[in-house]
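Take the sequence shown: its letter number 77 is residue 77 in our numbering, and every next letter is one higher.
Glycine is no exception: its CB is placed at the ideal position from the N, C-alpha and C atoms.
Just so it is clear, the structure is predicted and the values come from calculations on it, not from any experiment.
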Amino acid sequence: MDKSTLVSEPINRGKLISPVTLNEMKGINKSTLDSSLSAQNDGVNYKRYELTPDGISPVMLPGTENGEFIATSYEHDEYGATNEDPVIKKQQQDKRFKKMETFIQQEFTKDFTGYEIVNPEAKEFFVTFGVNRYVIEEYMRIKNSKFRIQN
């Protein structure tokens, strides 16, 4: 990749929870909340994977004072606790699809850098956001992929 072609773009970090908002969320009696609330969250009713109309959950950045950043590769409930309940799993899958629809409506513009499938009969494809793009580009180069990057 020719790095001289890279263009600086503003980063849409989504629904960030600020330290002020975090403080407003404190003081909730944990016994009245879902038992999966983490012991470290100091009584904050924070649903890292909250089911929202647009599929995008509020997030706090790693290092937020008194905050808790949760990222798990396992299926999870709204609080981030590992959970394989089929109902919860379906809710989280539906949420991911809503997130994609929101992305397409709000971010996928004529200026968006994306990928084009050269072979519509292909049995594999890549969908990636952010810095993962460069890993996919390298993989495509190494494997002499039939995919190509569309700018």
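If the criterion is Cβ atoms closer than 9 angstroms, does the pair ASP77 and GLN93 meet it?
Contact flag unset, no.
Please state whether the Cβ-Cβ distance between TYR46 and TYR74 is less than 9 angstroms.
No.
Just how far apart, CA to CA, sit SER18 and ASN66?
Answer to the nearest angstrom: the Cα atoms are 11 angstroms apart.
For TYR49, does the count of other Cβ atoms within 10 angstroms reach 16, so buried, or fall short, so exposed?
buried
Determine, using beta carbons only, whether LYS95 and SER57 come nearer to each other than 9 angstroms.
Pairing LYS95 with SER57 gives a Cβ-Cβ distance under 9 angstroms.
Examine the ligand ZN and report whether any of its heavy atoms sits within less than 8 angstroms of the Cβ of GLU50.
Looking for the ligand ZN in the displayed structure turns up nothing, as the structure carries no ligands at all.
Whole angstroms are fine: how far does the CA of PHE103 sit from the CA of VAL20?
27 angstroms
Using CA atoms only, rank isn't needed, just tell me which of GLU84, ILE142, ARG141 and GLN105 is closest to GLY55.
GLN105
Tell me which residues share the same chain as ASN29 and place their Cβ nearer than 7 angstroms to its Cβ, disregarding the 5 neighbours each side in the sequence.
Any reading at ASN29 must be qualified, since the residue scores a pLDDT of 42, below 50, and its modelled position is unreliable; no value is offered.
For ASN144, collect the residues of the same chain with a Cβ closer than 7 angstroms to its Cβ; drop the 5 residues on either side in sequence, then sort them by chain order.
none
Which residues bound the alpha helix (DSSP H) around THR189?
Residue coverage of the chain in this structure runs from 1 to 151, which leaves residue 189 outside it and unanswerable.
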